[in-house]
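Student:
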Amino acid sequence: MRELAAALDVRPTKQRGQNFVIDANTVRRIVRTAEVRPDDVVVEVGPGLGSLTLALLEAADRVTAVEIDGVLAGALPATVAARLPERADRFSLVHSDAMHVQELPGPPPTALVANLPYNVAVPVLLHMLDRFPTIERTLVMVQAEVADRLAARPGNKVYGVPSVKANWYADVKRAGAIGRNVFWPAPNVDSGLVSLVRRAQPVDTSATKEEVFAVVDAAFAQRRKTLRAALAGWAGSPAAAEAALTAAGISPQARGESLTVEEFARIAEAKA
Numbered sequence: 001m002r003e004l005a006a007a008l009d010v011r012p013t014k015q016r017g018q019n020f021v022i023d024a025n026t027v028r029r030i031v032r033t034a035e036v037r038p039d040d041v042v043v044e045v046g047p048g049l050g051s052l053t054l055a056l057l058e059a060a061d062r063v064t065a066v067e068i069d070g071v072l073a074g075a076l077p078a079t080v081a082a083r084l085p086e087r088a089d090r091f092s093l094v095h096s097d098a099m100h101v102q103e104l105p106g107p108p109p110t111a112l113v114a115n116l117p118y119n120v121a122v123p124v125l126l127h128m129l130d131r132f133p134t135i136e137r138t139l140v141m142v143q144a145e146v147a148d149r150l151a152a153r154p155g156n157k158v159y160g161v162p163s164v165k166a167n168w169y170a171d172v173k174r175a176g177a178i179g180r181n182v183f184w185p186a187p188n189v190d191s192g193l194v195s196l197v198r199r200a201q202p203v204d205t206s207a208t209k210e211e212v213f214a215v216v217d218a219a220f221a222q223r224r225k226t227l228r229a230a231l232a233g234w235a236g237s238p239a240a241a242e243a244a245l246t247a248a249g250i251s252p253q254a255r256g257e258s259l260t261v262e263e264f265a266r267i268a269e270a271k272a
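Here this note's numbering is used: the first residue of the sequence shown is 1, the next is one more, and so on.
Here is the structure:
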């Protein structure tokens, strides 16, 4: 990886949160933990120099990589052709910001596996899960703190907006820790793996995702306040918030950090 970076005159940038995985055992562990199958169509966000890409290509049927960096995007197909020529026809590249990707070439993706840039990890993850409903299984490597938030359960002090929104799409759990020395450059924080398995049944609600997420955003914008106070702006008044909460069977004195995604959905329904 270092030799390839030197040949391309590439220097990882903080602006794009680039920390390249340079440890072969780590990429093999990620593929194994992701339970990538021979029939999987995997989408990878932020492939960088391609270490994880090559490991995924060895295990999956197809891999589509989404890369925003022009130099890295330009070099990756040649890296795949040189290192794994027998699988090169199973690889596709999309040179784009993952937040703006609306379609992918080839068959619909069944899995998402990625070392996500720390500064955009949550919005990219939520966008991909929303835009590509055929993604059944996801394994992402993110900052340890973000991993804790995504996998947190109601009542946990780090439970918040990422936790609830991720649970809208999937069952989420921590899937391991990653040390700093497997990256180049080594980050100043530890990393964690998060597994997301798409819900077999969507949240049972007549409210739209946007309506539910609006309640979630309002509840955690002032997380120290009771829901009666925190949802006043969303509902139109404290009294209207209390009425919606009571109709949903939620105590107006509760706080957002105690509610499941299903309970947020009931609140959205009660207002609608």
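From the three backbone atoms N, C-alpha and C, an ideal C-beta is built for every residue, glycine too.
These numbers come from a predicted model, not from an experiment.
What's the gap between the Cα of V27 and the Cα of A88?
Tutor: Numbered from its first residue, the sequence shown carries residue 27 at position 27. Numbered from its first residue, the sequence shown carries residue 88 at position 88. C-alpha separation (whole angstroms): 19 Å.
Student: Between the alpha carbons of H127 and P133, how many angstroms are there, rounded?
Tutor: Position 127 of the sequence shown holds residue 127. Position 133 of the sequence shown holds residue 133. Going from the Cα of H127 to the Cα of P133 covers about 10 Å.
Student: Find out if the Cβ-Cβ distance for the pair F91, V80 is shorter than 8 Å.
Tutor: By 1-based counting over the sequence shown, the position of residue 91 is 91. By 1-based counting over the sequence shown, the position of residue 80 is 80. Their beta carbons are under 8 Å apart, which means F91 touches V80 by this criterion.
Student: Please give the ranges of any alpha helix (DSSP H) in the segment 198-237, keeping only runs that are unbroken, at least 4 residues long and fully inside the region.
Tutor: 209-221, 227-230 and 232-235
Student: Residues in the same chain with beta-carbon distance under 6 Å from A60, minus the five sequence neighbours each way, listed in chain order, please.
Tutor: By one-based count along the sequence shown, residue 60 stands at place 60. V36, D40 and V42, listed in sequence order.
Student: Would you identify the three-state DSSP class for E262, choosing helix, strand or coil?
Tutor: By 1-based counting over the sequence shown, the position of residue 262 is 262. Correct three-state label for E262: helix.
Student: Just curious, the alpha helix (DSSP H) that D130 is in, first and last residue?
Tutor: By 1-based counting over the sequence shown, the position of residue 130 is 130. Per DSSP, D130 belongs to the alpha helix (DSSP H) from A121 to R131.
Student: If you draw a straight line from the alpha carbon of A268 to that of A207, how long is it in whole angstroms?
Tutor: As a first step, residue 268 must be located in the sequence shown, where it is residue number 268. As a first step, residue 207 must be located in the sequence shown, where it is residue number 207. Between the alpha carbons of A268 and A207 lies a distance of about 6 Å.
Student: By the DSSP assignment, the alpha helix (DSSP H) with K157 in it spans what residues?
Tutor: Position 157 of the sequence shown, counted from the first residue, corresponds to residue 157. First-last for K157: undefined, no H or E at that position.
Student: From P117 to W168, what distance separates their C-alpha atoms?
Tutor: Translated into positions along the sequence shown, residue 117 becomes position 117. Translated into positions along the sequence shown, residue 168 becomes position 168. Taking the straight line joining both Cα atoms gives about 22 Å.
Student: Spatial neighbours of V164 within its chain, please: CB distance less than 7 Å, with the 5 preceding and 5 following residues excluded, ordered by chain position.
Tutor: Here the question's residue 164 lines up with position 164 in the sequence shown. If we look at V164 and ignore the five residues flanking it on each side, its Cβ neighbours are V216, V261 and F264.
Student: So V189 packs on A144, CB below 8 Å; how close in whole Å?
Tutor: Here residue 189 refers to the residue found at position 189 when the sequence shown is read from its first residue. Here residue 144 refers to the residue found at position 144 when the sequence shown is read from its first residue. Rounded, the Cβ-Cβ distance is 6 Å, consistent with contact.
Student: Can you tell me where the alpha helix (DSSP H) holding F56 begins and where it ends?
Tutor: Here residue 56 refers to the residue found at position 56 of the sequence shown. One detail in the question is off: residue 56 reads as Leu in this sequence, not Phe. From DSSP, the alpha helix (DSSP H) with L56 extends over S51 to A59.
Student: Note down, one range per segment and in chain order, each alpha helix (DSSP H) of at least 4 residues found wholly within the segment 71-149.
Tutor: 121-131
Student: If you draw a straight line from the C-alpha of A65 to the C-alpha of G46, how long is it?
Tutor: In the sequence shown, residue 65 corresponds to position 65, counting from 1. In the sequence shown, residue 46 corresponds to position 46, counting from 1. Near 7 Å, if we compare the C-alpha coordinates of G46 and A65.
Student: Could you tell me the alpha carbon to alpha carbon distance between L139 and R224, rounded to whole angstroms?
Tutor: Mapped onto the sequence shown, residue 139 falls at position 139. Mapped onto the sequence shown, residue 224 falls at position 224. The straight-line gap from Cα to Cα measures roughly 32 Å.
Student: By DSSP, does E35 sit in helix, in strand, or in coil?
Tutor: Taking the first residue of the sequence shown as 1, we reach residue 35 at position 35. Coil, per DSSP.
Student: Are the Cβ atoms of A241 and A254 separated by less than 8 Å?
Tutor: Sequence index remark: in the sequence shown, residue 241 carries index 241 (1-based). Sequence index remark: in the sequence shown, residue 254 carries index 254 (1-based). Cβ atoms of A241 and A254: not closer than 8 Å.
Student: Going by the DSSP bridge assignment, what does D171 pair with across the sheet?
Tutor: For the purposes of this step, residue 171 is taken as the residue at position 171 of the sequence shown. Beta-bridge annotation (DSSP): D171 is paired with V197.
Student: Got a sec, what are the start and stop residues for the beta strand (DSSP E) R62 sits in?
Tutor: The residue you call residue 62 lines up with position 62 of the sequence shown. Counting along the chain, the beta strand (DSSP E) containing R62 begins and ends at R62 to E67.
Student: With a threshold of 8 Å on Cβ separation, who are the neighbours of D97 within its own chain once the five nearest residues in sequence on each side are excluded?
Tutor: On the sequence shown, position 97 is the one that residue 97 refers to. Result list for D97: I68, in chain order.
Student: Relative to the alpha-carbon of I30, which residue among G48, L56 and H95 has its alpha-carbon at the smallest distance?
Tutor: Walking along the sequence shown from the start, residue 30 turns up at place 30. When only C-alpha atoms are compared, the closest one is L56.
Student: Would you mind working out which of T226, L76, G236 and S237 sits nearest I250, comparing C-alpha positions?
Tutor: As a first step, residue 250 is located in the sequence shown; it is residue number 250 there, counting from the start. Among T226, L76, G236 and S237, the Cα nearest to that of I250 is on T226.
Student: First and last residue of the beta strand (DSSP E) that includes V41?
Tutor: For the purposes of this step, residue 41 is taken as residue 41 along the sequence shown, with counting starting at 1. Note, V41: beta strand (DSSP E), V41 to V45.
Student: Should V71 be labelled buried (16 or more other beta-carbon atoms within 10 Å of its own) or exposed?
Tutor: Stepping through the sequence shown from its first residue, residue 71 is reached at position 71. Counting Cβ neighbours within 10 Å, V71 comes out exposed, since fewer than 16 surround it.
Student: Please report how far the alpha carbon of S258 lies from the alpha carbon of A75, in whole angstroms.
Tutor: Within the sequence shown, the letter at position 258 stands for residue 258. Within the sequence shown, the letter at position 75 stands for residue 75. Each residue's Cα considered, the two are about 47 Å apart.
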